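> I have a structure I would like to understand better, so I am pasting it below and will then ask my questions one at a time.
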Amino acid sequence: VQQDPNGAVAEFAELKQQLERDTLVLSVLKKLQQFDTAMEEYNTALLEKKYVVAAQQLEKTRSNLKMLESRKGFELKILKALRTELTVQTENMLYHLGEEWQKLVVWKLPPSKESSSLESAMHSELHLHTVPAKEEEIAGPPVASVLQAFAVLGELHAKFKIFGQLLLKYILKPLISYPSLQPFTEEQSDVFILRFKSNEPNLDYSSPIEVFDKIQLIFEVLHKYLLNVPLEQPAEDTKDCRVILPELLGDVIWEELSDCLIQNCLVNSIPTNSSKLEQYIEVIKSTEEFEKALKNMQFLKGDTTDLLKYARNVNSHFANKKCQDVIVAARNLMTSEIHNTVKITPDSSVALPRLPDPGSGDHLKMQKPNKLPHNNVVNLENETKLTQYTFSLPTCRISSSVEELMKLVYQTLLEATDSTDQVGVTIFLTEPALNKYISFSLPSSWDRENLQKLPQLAAIHHNNCMYIAHHLLTLGHQFRYRLTDILCDGAATFVDLVPGFRRLGTACFLAQMRVQKGEILERLSSARNFSNMDDEENYSAANKAIRQVLHQLKRLGKVWQDVLPVTVYCKAMGTLLNTALTEIIARIAALEDISAEDADRLYSLCRIMVEEGPQVFTPLPEEDKNKKYQEEVPVYVKKWMTFKELMIILQANLQEIVDQWADGKGPLAAEFSAAEVKSLIRALFQNTERRAAALAKIK
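Numbering (UniProt numbering), first residue to last: 1 to 699.
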């Protein structure tokens, strides 16, 4: 008994602290003993290939080590060595498990360089050594033991991820990509073999139904021989301790597999014609059955996947695919040669789709006017009726690609009338986009530079634009009562696109006209202002300029012959000839002195223009039919009569000029102003009393 209380308290505290330290030491020693015992049991189990027990003991050592490392203020140098030992033994365990897994699941793969061809896919094989043996003693560790050990060590997901990638690359994706590839199975006494054989290829891509059958066979094999194994989840706080191996594999590969099925299988199976949409129901049913089978085998969970959603949304995909096909077809047509032409006439039968009789439509029945009683009927019909060609496109030549393009537009709209509302609206709304695309593509695909350099291309381009605009005027109305109610309510029209196409064609042709006018004026500029024609060099230069202009116009007339509509042709040639005559008139009228010899030579030059000018009007290949247009030159050439009056002045005397003027009422007064006539008289005649008297009468 201690008599000193203070000493007793100090001794008690020291003993208590020593007890706690000893208790901690005993606790640590106990954990070290447990670690050592677990490690010994692990080694024994590993030698006996009891992989689940070995994995469990390894996890027990890991738990003991964590507890030892968690004690603060109590650090042992041995813990580092134990950590190293645990890491080494874990890697050793994983190595042995990997070896066993490679014995159970054997891949025979082609060389890596040939991994993306049908030939290489034929050399891919999967051997599953998981067929139950008759005598368990002979058999190695069952697949359940290996997989359970992986699960205990937390490596099962990583192992299945690698397996899933190999499965996708060498089995599943080739079956989707190559229609001729067929899975072939063979079961032997101790192994199940999955290999491929190839049939004669007869299609570019497989039908979804065939692909689903192939993929389902692969999953059935995996489920039966590899994945139908119950495993326990080693996690502590998990209510459902079962690991579902098919679900684990499904989580790893399904997203990539479904994307591949959509892009390489379902996309290709989308119908290109609305009449085949009903047949697509079989594909939807097949997709549903495929997913149902995978759910029964637990590869998929209960939710509807993107694969089935894609298949069910066939109307939208069909409409989008149709629109893409139309745009691609239009692009191909727009990039074809512009100079390959066809002749369009008012009575030519263009091979466009035949539309149904609009009289059978409900909309038209609703809009028929009420019939008036017979006694109130007023006949407002004009006795003079328009011909059937009144609103027809005149005879001309257009690019064959543009004719095909309009056929494509009609066929696409006809397809929209036979489709569901959703498809019809999508296809119909593609047409304005298509036509706007065409309007932007015309000048770019048919080189703008060539359109200015080559008059025939400019004429064909003009006709193409007018042809498209002509059809757009009535395109919407032709289909108005055949489309869905949404489009019938005023939306079904393409009239707003007409001005754009007309401007496009007109601008191109006017640019070509400006080029031709520039060339005419340039040639006439070498005529030395038609002055001093008594000089042989001057006369020769003027004569050459006249001849060059006529040659240019004749060549242009041949180039545009049978291409432009007759009225456009005559107006264009008349405008260009008028440009030449206007320039010649202005140059001669500006002369201050014209001798008698000059006047004769100027007259001979003008006579060349009058005699050969009408010959440039050859709109038709048949020569006899062109005489009509050659006789109508004054209609198309504004300055034609002015030019002829100038010729009269060059050969007339003063009295004849005064008579032609007729106090401002004669033909000369209709073409020239008084100042212009006076200027010509002063240039042609010397300053005499007779000239003064004549000038006095010109007012």
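Built from N, CA and C at the ideal position, the CB exists for glycine as well.
This structure is a prediction, so every number in the text was calculated from the model and none was measured.
For L128, which three-state DSSP category applies?
strand
> Three-state secondary structure (DSSP) at A13?
It is helical.
> For D598, which option in I193, K197, D534 and S286 has the closest C-alpha, if you only look at C-alpha atoms?
D534
> Using DSSP's beta-bridge definition, name the partner residues of V105.
Note: V105 is bridge-paired with L128 in the DSSP secondary-structure output.
> Consult DSSP for Q182 and reduce its assignment to one of helix, strand or coil.
If DSSP states are grouped into helix, strand and coil, Q182 belongs with the strands.
> May I have a chain-ordered list of the alpha helix (DSSP H) segments no shorter than 4 residues that lie completely inside the segment 613-691?
623-631, 633-636, 640-651, 654-661, 667-671 and 674-684
> What's the C-alpha gap between L654 and A669?
15 Å
> In angstroms, rounded to a whole number, what distance separates the CA positions of E632 and L413?
44 Å
> Quick one: what's got a C-beta closer than 6 Å to L248's C-beta in the same chain, skipping five residues either side?
F160
> Tell me the DSSP bridge mates of C396?
I344
> Would you tell me roughly how many angstroms separate the C-alpha atoms of L47 and W107, rounded to the nearest one?
27 Å
> So, for E85: in the same chain, excluding its five sequence neighbours on each side, which residues have a beta-carbon less than 8 Å away from its beta-carbon?
Correct list, in chain order: M39.
> Taking the alpha helix (DSSP H) that residue 712 belongs to, which residues open and close that run?
Examination of residue 712 is not possible in this model, given that the chain is present from 1 through 699 alone.
> Applying the 10 Å Cβ sphere with the 16-neighbour rule, what's the burial state of T430?
Bear in mind that the predicted position of T430 carries a pLDDT of just 49, short of 50, making it unreliable; the figure below should be weighed with that in mind. Buried, by the Cβ-count rule.
> Would you say M573 and V610 are within 8 Å of each other, going by their C-beta atoms?
no
> Apart from the five residues on each side of it in sequence, which residues of its chain come closer than 6 Å, Cβ to Cβ, to P565?
Excluding sequence neighbours, P565 sits near P394 and C396.
> Since L497 contacts L472 with CB under 8 Å, what's their CB separation in whole angstroms?
5 Å
> Assuming L94 and R83 make a contact with CB atoms under 8 Å, what is their CB distance in whole Å?
That belief does not hold up - the Cβ atoms of L94 and R83 are roughly 17 Å apart, past 8 Å.
> Going by Cα to Cα distance, which pick from N538, K49 and L79 is closest to T61?
L79
> Do you know offhand how far A589's Cα is from L454's?
34 Å
> Name the one or two DSSP bridge partners that E232 has.
R242
> How far does the alpha helix (DSSP H) with I270 in it reach, from first residue to last?
No alpha helix (DSSP H) contains I270, which DSSP labels as neither H nor E.
> Using a 10 Å radius around the Cβ and a threshold of 16 neighbouring Cβ atoms, would you call L510 buried or exposed?
exposed
> Just list the residues that DSSP pairs E187 with in beta bridges.
F192
> Helix, strand or coil for S117 per DSSP?
coil
> Who are the Cβ neighbours of I398 in its own chain at under 8 Å, not counting the five residues just before and after it?
T341, V342, I344, I460, N463, N464 and Y467
> Can you list, in chain order, the residues of its chain whose CB lies under 7 Å from that of I546, leaving out five sequence neighbours each side?
L605, I608 and M609
> Would you kindly check if the distance between the Cβ of R601 and the Cβ of N529 is under 8 Å?
no
> Mark H470 as exposed unless 16 or more other C-beta atoms lie within 10 angstroms of its C-beta, in which case mark it buried.
buried
> My output table needs one value for K699: the three-state DSSP class, helix, strand or coil.
coil
> Of the choices E99, L550, L556 and P619, whose alpha-carbon is the least far from that of T567?
P619
> Contact between the segment 178-194 and the segment 146-160: three or more CB pairs below 8 Å?
no
> On a Cα-Cα basis, can you pick out the residue from E256, L58, Y539 and I284 that is closest to residue 766?
Any question about residue 766 goes unanswered here, given that the chain covers just 1 to 699.
> If you run the structure through DSSP and keep just helix, strand and coil, what is K50?
coil
> Tell whether a beta-carbon distance below 8 Å holds between V243 and S145.
no
> Checking the sheet assignment: what are the DSSP bridge partners for S198?
L181
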